[in-house]
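Okay, structure first, notes after.
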Amino acid sequence: MSIAENIDLITSHLPTNVRLIAVSKTKPTELLLEAYQHGQRNFGENKVQEMVWKQEELPKDIGWHFIGHLQTNKVKFIAPFVQLIHGVDSFKLLKTIDAEAKKASRIIPCLIQFHIAEEETKFGFSFKEAQEMLNSTDFKSLENVAISGVMGMATYTDSENQVRKEFAHLKEIFENLKSEFFPGNADFKDISMGMSGDYRIAVEEGSTMVRIGSTIFGERNAKQSAI
Ligand SMILES: *Cc1c(COP(=O)(O)O)cnc(C)c1O
33 MSIAENIDLI TSHLPTNVRL IAVSKTKPTE LLLEAYQHGQ RNFGENKVQE
83 MVWKQEELPK DIGWHFIGHL QTNKVKFIAP FVQLIHGVDS FKLLKTIDAE
133 AKKASRIIPC LIQFHIAEEE TKFGFSFKEA QEMLNSTDFK SLENVAISGV
183 MGMATYTDSE NQVRKEFAHL KEIFENLKSE FFPGNADFKD ISMGMSGDYR
233 IAVEEGSTMV RIGSTIFGER NAKQSAI
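One rule links them: number in the numbering used here = place in the sequence shown (from 1) + 32.
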C-alpha cells in the first residue's frame with residue numbers, strides 16, 4: 033500500500049472532528065512530501081533538530097506538531113514555527129515555552145500531558161499536579177501560551193480493556209479540567225490520544241487528534257527509533 037492509500041484508509045475510520053497527525057519521525061522528507069501531495073498538512077516529530085531541518089526543507093504551510101519529551105534548552109529552536117506542543121510534562125517546560133514564544137512574538141498552543149499508563153517511564157502530570165499548576169499565580173501570569181487540551185499515551189499492552197480504560201480516564205481528566213479551569217473557553221478543546229496500534233479505541237473514547245506513524249510510513253527500525 034502507498035502512503036496515500038494508508039492515509040485514506042485511516043481517514044475513512046476517523047469521524048470528521050478528529051485530526052490526523054502524521055508522525056514522520058526518522059522518515060526522509062521524500063516520504064513526508066508524498067503525504068503532503070496527498071493533502072496531509074499536519075506532521076508530528078519528536079526530535080527538535082530533525083523537526084527544524086524538515087521544516088526548513090518542506091513547504092511552509094505544514095503544521096508541525098512536537099509530540100515527544102521536549103527539553104527546555106531546545107524550546108527556542110522550534111518556538112518560531114511550531115503549531116502545537118503535545119507533550120508539556122512540567123510547569124518548568126511550560127514557563128520556558130511562554131518565554132520563548134514571547135521572544136518570537138507568538139502565542140504557542142500547548143497540551144498538558146497526563147500520565148495515564150501503568151508504565152513508569154512515561155512522562156506526564158497527575159491530575160493533582162495539573163490542578164496545582166493551573167491554580168498558581170505563576171500560571172495566570174503566562175501570556176504567550178494557550179492551553180488547548182490534554183495528551184496521553186496508553187500502556188503498550190494487548191489488553192484492549194486496559195487501553196480503553198486509560199483513554200476513558202484521559203477524557204474524564206479533560207472534562208474535569210474544562211469545567212474547573214476553562215469553562216466557556218473554546219480554545220480548550222483537544223484530546224490527543226491514539227497511535228497506530230490503538231487509535232480506533234482512542235477515537236471511540238473521545239480523541240480529537242490521533243498521532244499515527246508506522247501505519248502511514250511503515251515501521252521504523254529499532255535503531256532509528258532509539259535515537
Ligand atoms: C512515535 C509516536 C507516535 C506514533 O507511533 P506509531 O505507533 O508509529 O503510530 C505517537 N505518539 C508519540 C508520542 C510518539 O512518540
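Here a beta-carbon is modelled for each residue, glycine too, at the ideal position from N, C-alpha and C. Bear in mind that the values here come from a model prediction, so they are computed numbers and not experimental data.
Original post:
Buried or exposed: His-45, going by 16 or more other Cβ atoms within 10 Å of its Cβ?
Top reply: exposed
Original post:
To the nearest whole angstrom, what separates the beta carbons of Gly-100 and Gln-115, a pair I think is in contact under 8 Å?
Top reply: Not confirmed; about 15 Å, so no contact.
Subject >> Beta-bridge partners of His-97, as assigned by DSSP >> reply: Gly-76 and Leu-116
Subject >> Contact set for Lys-221: own chain, Cβ-Cβ below 8 Å, skip 5 residues either direction >> reply: Ser-180, Gly-181 and Thr-240
Subject >> Rounded straight-line distance, which links the Cα of Pro-215 to that of Met-83 >> reply: 34 Å
**OP:** Could you tell me the distance, in whole angstroms, from the CA atom of Ala-258 to the CA atom of Ile-205?
**Re:** Because Ala-258 carries a pLDDT of 43, less than 50, the predicted location of this residue cannot be relied on, and no value is offered for it.
**OP:** Would you list, in sequence order, the uninterrupted beta strand (DSSP E) runs of no fewer than 3 residues that lie entirely inside the region 148 to 235?
**Re:** 177 to 184 and 222 to 224
Original post:
Are the beta-carbon atoms of Val-50 and Val-177 separated by less than 8 Å?
Top reply: no
Original post:
Does the beta-carbon of Phe-69 have 16 or more other beta-carbons within 10 angstroms, so that it is buried, or is it exposed?
Top reply: According to the sequence as given, residue 69 is Gln; it is not Phe. Exposed, by the Cβ-count rule.
Original post:
Would you report the Cα separation of Ala-200 and Asn-78, rounded to the nearest angstrom?
Top reply: 25 Å
Original post:
Using a threshold of 7 Å, is the CB atom of Asn-78 nearer than that to any non-hydrogen atom of ligand 1?
Top reply: yes
**OP:** Label Lys-86 either buried or exposed according to how many other C-beta atoms from any shown protein chain fall within 10 Å of its C-beta, with 16 as the threshold for buried.
**Re:** buried
Original post:
Where Ile-223 and Lys-203 are concerned, what is the direct C-alpha to C-alpha distance, given to the nearest angstrom?
Top reply: 7 Å
Original post:
Rounded to a whole number of angstroms, what is the C-alpha to C-alpha distance between Glu-62 and Phe-249?
Top reply: 11 Å
**OP:** Pull up the CB-CB distance for Ala-149 and Leu-209, whole angstroms please, since I reckon it's below 8 Å.
**Re:** Incorrect: roughly 19 Å between the Cβ atoms, too far for contact.
**OP:** Identify which residue in Glu-175, Asn-105 and Met-165 has its Cα closest to the Cα of Ile-139.
**Re:** Glu-175
Original post:
Using the rule of at least 16 other Cβ atoms within 10 Å of the residue's Cβ for burial, across every protein chain shown, is Thr-128 buried or exposed?
Top reply: buried
Original post:
DSSP puts Ala-54 in a beta bridge; with which residues?
Top reply: Phe-75 and Ile-244
Original post:
To the nearest angstrom, how far is it from the Cα of Asp-230 to the Cα of Phe-75?
Top reply: 19 Å
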